[in-house]
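Okay, so here's the structure we're looking at.
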Amino acid sequence: MTTQFTRYLCLSVDAQAYSRRDDGGQVRLQRELIALLDEAAAAVGLDRTRWHRQGSGDGELALIPAGEPETVVIQDFTLALARLLFSRNAGRFGLDRLRLRMAVDHGLARVDDNGFAGATVVGVARILDAQAVRDVLEAADSAPLVQVLSDHLYQGVVEAGHACSPAEFRMITVRNKEFHTQAWVRAPGVDLGATAPTGAEPAPVVRPGGQVVTATFTGPVDVHGGVIGIRNS
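Quick note, the numbering used here runs 437 ahead of the 1-based positions in the sequence shown.
As structure tokens, then:
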């Protein structure tokens, strides 16, 4: 057992409409979900035996150690999982489809006696369960997977040019209980711009240093990933 807080990439996935399935359907979903996560990881050279994993029936929460490259998890693993889901869902409808939400952040956490501890773990859980993320998956009906990154992970990995393209992401406001933040969401293989309401404008993000980021979505494709201006406050 880990005895101190260590920096991890924290990843959580959750299946849509799990409770609407009968008992047998829930068992099949649990087994298939783990198999798909294992297959996607193996396809891009990740070793899930090194991950600290905690099942939740309809999902999984994982603390991924530094030896597993963050950019591979955020980009290659996610794309591989999306491809598997697209193939698996082809020709299926309703509850026969398997659709997932995925939330990712990085920070300090630890493996404790009864699960995982740390603000990063709590934050990922709040983001994953937020109505704003559920709404994106609901609106993007053709998407088998939506991935949401915390704001600071997005800035450090995507905007810094290490993985993904900013054009794939939309900024959303996450409110869940006392938790309130900005996050960035995409649906690999699906244009989320087409699902954004015209003129929708999330609240501005104020970053350390006084920068204010505003976003708006005015068309089906936004080459700047939703960010239209950065100004000093």
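Think of the CB as a built atom: it goes at the ideal place given N, C-alpha and C, for glycine as much as any other residue.
Own chain partners of residue i with C-beta closer than 6 Å, once the 5 adjacent residues on each side are dropped
| i | result |
| --- | --- |
| Ala517 | Ala477, Ala480 and Val481 |
| Glu605 | Arg623 |
| Glu507 | Leu446 |
| Asp549 | none |
| Ile471 | none |
| His489 | Leu500 and Val548 |
| Gly662 | In this prediction, Gly662 has a pLDDT of 34, which is less than 50 and means its spatial position is unreliable; nothing more can be read from the coordinates. |
Beta bridge counterpart(s) of residue i as assigned by DSSP
| i | result |
| --- | --- |
| Ile501 | Leu446 |
| Leu545 | Arg444 |
| Thr515 | Partner(s): none; Thr515 has no beta bridge. |
| Gly462 | Beta-bridge pairing links Gly462 to no other residue. |
| Leu582 | Leu537 |
For residue i, three-class secondary structure by DSSP
| i | result |
| --- | --- |
| Gln491 | strand |
| Ala478 | helix |
| Ser416 | Nothing about residue 416 can be reported from this structure: the residues present for the chain run from 438 to 670 only. |
| Asp451 | strand |
| Phe616 | strand |
| Leu522 | helix |
| Ala562 | helix |
| Phe553 | strand |
| Ala597 | coil |
| Arg538 | strand |
| Arg607 | strand |
| Gly528 | coil |
| Leu483 | coil |
| Ala576 | helix |
| Gly626 | coil |
| Val510 | helix |
| Arg457 | helix |
Own chain partners of residue i with C-beta closer than 7 Å, once the 5 adjacent residues on each side are dropped
| i | result |
| --- | --- |
| Leu565 | Ser449, Asp451, Arg538 and Ala540 |
| Leu590 | Val541, Asp542 and His543 |
| Asp475 | Arg485 |
| Glu469 | Leu535 |
| Phe442 | Leu545, Ala546, Arg547 and Gly555 |
Neighbourhood of residue i by C-beta, 8 Å cutoff - its chain only, sequence neighbours within 5 removed
| i | result |
| --- | --- |
| Asn613 | Arg563, Ile564, Asp566, Ala567 and Gln568 |
| Leu532 | Ala454, Arg457, Arg458 and Gly462 |
| Gln491 | Glu497, Leu498, Ala499, Gly552 and Phe553 |
| Pro645 | Below a pLDDT of 50, predicted positions are generally treated as unreliable, and Pro645, at 46, falls in that range; the measurement from the model is reported next regardless. Excluding sequence neighbours, Pro645 sits near nothing in its chain. |
| Val510 | Leu446, Leu448, Leu483, Ile501 and Val541 |
| Gly494 | Tyr455, Gln463 and Gln467 |
Check whether residue i and residue j have beta carbons under 8 Å apart
| i | j | result |
| --- | --- | --- |
| Leu500 | Ala546 | yes |
| Val573 | Ile609 | yes |
| Ala503 | Arg465 | no |
| Pro603 | Val611 | no |
| Glu505 | Arg487 | yes |
| Ala600 | Gln512 | yes |
Proximity test, Cβ basis, 8 Å: residue i and chain B
| i | result |
| --- | --- |
| Leu565 | Checking the listed chains, one finds no chain B in this structure; it contains a single protein chain. |
Quiz prompt | Sufficient close CB pairs (3 or more, under 8 Å) joining the segment 550 to 558 to the segment 603 to 619 | solution = Per the Cβ contact rule, the segment 550 to 558 is not in contact with the segment 603 to 619 (fewer than 3 Cβ pairs under 8 Å).
Quiz item: Between the segment 620 to 628 and the segment 510 to 530, do at least 3 Cβ pairs fall closer than 8 Å?
Solution: With a cut-off of 8 Å, the segment 510 to 530 and the segment 620 to 628 count as touching, because enough Cβ pairs lie within range.
Quiz item: Between the segment 482 to 495 and the segment 585 to 592, do at least 3 Cβ pairs fall closer than 8 Å?
Solution: By the Cβ rule, the segment 482 to 495 does not count as touching the segment 585 to 592, because fewer than three pairs are nearer than 8 Å.
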